[in-house]
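Chemist:
Chains as they are written, first to last, in my numbering: chain A, 1 to 142; chain B, 1001 to 1222.
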């Protein structure tokens, strides 16, 4: 990963801590999960079980798998974080490391229901605007 | 290494000095206080306490790097507990830092901070001997995530205090000076990607640096 792309995820995260989009501040739990995933990569994504274990250890909260998914969804949809995921091994989440990864993820993600597509359009438009025209969700964008 | 000048200690500070002397033979004159209730000991004394407390298999401390752009030095300390778990941490100090009005050797300060951090990661507080706790630190990146967020909160609070970040009512904060400082000192525009040593370096820098002048101050000077 280039230094510039490596910086992107860190800059997005810190920007959101300093100036939350539309005033939606990251909660402690959301901030922890987002920070945890900064250490993940496409080769070494962080899975739901590991997120649950880390949250329990550091924030002393027991959260369900459903709650983890809801947090990821909020990080993507409300905070526009380009957090990607694998459904095949190695499963888990990580911050996008390139527009190629984002594009591959978007193509898979578009097979999902409408709400997820709306979430996807937010992530792509905010972080990779150059991809927005290439991917076919014109009716969904805004 | 400067020695302490006599001053009035609080009851808690007196108790601490007395315990350190009685249990570990630490000369009270070697203990300085950054501010009331926040003690500092040179690295040699910290190691002496840890060895006598017998909670570690090994303790190592060494110089890590100079950070010339900030006149800082970084040291690294590594401790291995009785269960064979190793904890490595950094400590940073700025040349010319003062404690109780005395300039303290930056290398000794960085070394003692590294030791305090490493011992703390292992659950050992040399100033509360006997309070060693066992931590499960098998997942390194979750610890990093937690520490990153904690450090960023401290960095942002200091940046606001020193006017590198300017809150703007009803609008996003003005982070221009903060970004400029990061770019000038570290060659990046975000501290979120820093490793632990870099974050400590930035915290130390922000603690030491004078606040930026506000526009009214500049106008008065003109």
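We put the CB at the ideal spot given by N, CA and C, even for glycine.
List the whole-angstrom C-beta distance separating residue 1203/B from residue 1155/B, where the pair is believed to meet the contact cut-off of C-beta under 8 Å.
Modeler: 6 Å between Cβ atoms; contact.
Chemist: Taking only beta-carbon positions, decide if residue 62/A is within less than 8 Å of chain C.
Modeler: No chain C appears in the structure shown, which is made up of the protein chains A and B.
Chemist: Just checking: is the beta-carbon of residue 11/A within a distance shorter than 8 Å of some beta-carbon in chain B?
Modeler: It does: the Cβ of residue 11/A has a partner Cβ on chain B nearer than 8 Å.
Chemist: What ranges does the beta strand (DSSP E) occupy inside the region 38-65 of chain A, keeping only unbroken runs of at least 3 residues that lie completely in it?
Modeler: The region 38-65 of chain A contains no whole beta strand (DSSP E) run of 3 or more residues.
Chemist: Starting from residue 1178/B, trace the alpha helix (DSSP H) both ways and give me its first and last residue.
Modeler: Segment 1176-1186, the alpha helix (DSSP H) holding residue 1178/B.
Chemist: According to DSSP, what are the bridge partners of residue 1072/B?
Modeler: 1067/B, 1094/B, per the DSSP bridge assignment.
Chemist: Give the interface partners of residue 81/A over in chain B, defined as CB-CB distance under 9 Å, in chain order.
Modeler: Within 9 Å Cβ-Cβ: nothing; residue 81/A doesn't reach chain B, min ~12 Å.
Chemist: Anyone know if the C-beta pair for residue 1111/B and residue 1089/B falls short of 8 Å?
Modeler: No, they are not a contact pair.
Chemist: Rounded to whole angstroms, what's the CA-CA distance from residue 71/A to residue 1214/B? Just pull it up for me.
Modeler: Answer to the nearest angstrom: the Cα atoms are 40 Å apart.
Chemist: Taking Cβ positions only, does residue 1169/B come closer than 8 Å to chain A?
Modeler: It does not: the Cβ of residue 1169/B has no partner Cβ on chain A nearer than 8 Å.
Chemist: Hey, is the region 21-39 of chain A in contact with the region 87-104 of chain A, meaning 3+ C-beta pairs nearer than 8 Å?
Modeler: Yes, they touch.
Chemist: In angstroms with no decimal places, state the Cα-to-Cα distance between residue 1030/B and residue 63/A.
Modeler: The alpha-carbon atoms of residue 1030/B and residue 63/A are separated by roughly 47 Å.
Chemist: For the region 82-107 of chain A, which residues have a beta carbon sitting closer than 8 Å to at least one beta carbon of chain B?
Modeler: Cβ contacts with chain B come from no residue of the region 82-107 of chain A.
Chemist: Exposed or buried, what is residue 980/B when buried is set at 16 or more other beta-carbons lying within 10 Å of its beta-carbon?
Modeler: Because chain B is modelled from 1001 through 1222, residue 980/B falls outside the range shown and cannot be assessed.
Chemist: Work out the CA separation of residue 1147/B and residue 1164/B for me, nearest whole Å.
Modeler: Approximately 22 Å, taken between the alpha carbons.
Chemist: Does residue 1083/B come out as helix, strand or coil in the three-state DSSP assignment?
Modeler: In this structure, residue 1083/B counts as coil in the three-state DSSP scheme.
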